[in-house]
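Under the numbering used here, the letters of the sequence shown match residues 552 to 747, in that order. For every residue, glycine included, the Cβ atom is placed at its ideal position computed from N, Cα and C. What you are looking at is a predicted structure, and each value in this text was computed from that prediction instead of being measured.
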Amino acid sequence: MEWAMSLLLNHPEVLNKARDEIEQNVGCHRLLDESDLVKLPYLHCIISETLRVCPVGAFLPPHESSEDCTIGGYNVPKGTMLLVNQQALYKDPKVWAEPTMFKPERFEKSTGENDGTKWIGFGQGRRGCPGEVLAYRMLGLTLGLLIQCFDWERVGGEMVDMTTGDRRLMTKAKPLEAMYRPRKVLLNVFCSFVVQ
552 MEWAMSLLLN HPEVLNKARD EIEQNVGCHR LLDESDLVKL PYLHCIISET
602 LRVCPVGAFL PPHESSEDCT IGGYNVPKGT MLLVNQQALY KDPKVWAEPT
652 MFKPERFEKS TGENDGTKWI GFGQGRRGCP GEVLAYRMLG LTLGLLIQCF
702 DWERVGGEMV DMTTGDRRLM TKAKPLEAMY RPRKVLLNVF CSFVVQ
């Protein structure tokens, strides 16, 4: 969540586009809820792109080769531990156009840039993370509500520091600091509780 907010603060055009999507599909008289998430594809793209740019960990869980094989021209004997450096994979210019840029649009179905095999942050197939759906729901609800309910600004107008602290867990070196103000939707919701 901290990485997502940091990226959004550094890219206000993305934040505004997400806010517009929420306003068009949810409105300003109620809070976003879980049933709204299917109507917010750009928010989903923001989450995917955040996880690509700032993966939770540098490596995917280890696997072991079940037989002798060749990977990328290297002979790999049976029983070898295999690690996928997802951080390097997601920054590879042979795989991603402008890999260091934060571009949620790359995950829109119409672009065709992500064909479902390039981004494997939760793994794939039977070894895929069973928590992927829950993660997207929780991130979508939380991030969506933060966008819907508050106007956000960078402290002092300076770009948010995106330096990584612990590379194993991809923590930020400097915690996010931001300024926020409640938006009309939050006031509408509070007023509706008072009236009832």
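{"query": "How is the beta strand (DSSP E) around P655 delimited, first residue to last?", "result": "It is not in any beta strand (DSSP E) - P655 carries neither H nor E in the DSSP assignment."}
{"query": "Need the endpoints of the beta strand (DSSP E) that V627 sits in, please.", "result": "625-627"}
{"query": "Using the C-alpha atoms, what's the distance from L594 back to K642?", "result": "22 Å"}
{"query": "Would E622 be called buried (16 or more neighbouring beta carbons within 10 Å of its own) or exposed?", "result": "Before going on, a small fix: residue 622 reads as Ile here, not Glu. I622 should be labelled exposed."}
{"query": "Can you tell me whether A609 is helix, strand or coil according to DSSP?", "result": "coil"}
{"query": "From P592, A724, R603, Q699, pick the residue whose C-alpha is nearest to that of K669; which is it?", "result": "R603"}
{"query": "Here's a check: name, in chain order, each residue in its chain whose Cβ is nearer than 6 Å to the Cβ of L634, leaving out the five neighbours to either side.", "result": "F610, P613"}
{"query": "Compare the beta carbon distance of F658 and C596 with 9 Å and say whether it is the shorter of the two.", "result": "yes"}
{"query": "Among D712, G578, Q638, which one has its Cα closest to the Cα of I671?", "result": "Q638"}
{"query": "From the DSSP output, in three-state form, read off I622 for me.", "result": "strand"}
{"query": "If we call anything under 9 Å between Cβ atoms a contact, is E553 one with L727?", "result": "yes"}
{"query": "If distances are taken between C-alpha atoms only, which option among L640, K590, R678 comes closest to E615?", "result": "R678"}
{"query": "Residues in the same chain with beta-carbon distance under 8 Å from E618, minus the five sequence neighbours each way, listed in chain order, please.", "result": "K629"}
{"query": "What does a CB cutoff of less than 8 Å around T714 pick up in its chain, not counting 5 residues either side in sequence?", "result": "K723, A724, K725"}
{"query": "Tell me the rounded alpha-carbon separation between L591 and V577.", "result": "9 Å"}
{"query": "Given a cut-off of 9 Å, decide if E709 and Y731 are closer than it, judged by their beta-carbon atoms.", "result": "no"}
{"query": "Cutting at 7 Å between CB atoms, please list the residues of its own chain near C579, excluding the five before and the five after it.", "result": "K735, V736, N739"}
{"query": "From T651, G691, V711, pick the residue whose C-alpha is nearest to that of E585; which is it?", "result": "G691"}
{"query": "Going by other Cβ atoms of all chains shown within 10 Å of its Cβ, with 16 needed for buried, is A648 buried or exposed?", "result": "exposed"}
{"query": "Going by beta-carbon coordinates alone, are P529 and E574 separated by less than 9 Å?", "result": "Shown here, the chain extends from 552 to 747; a query on residue 529 therefore has no answer."}
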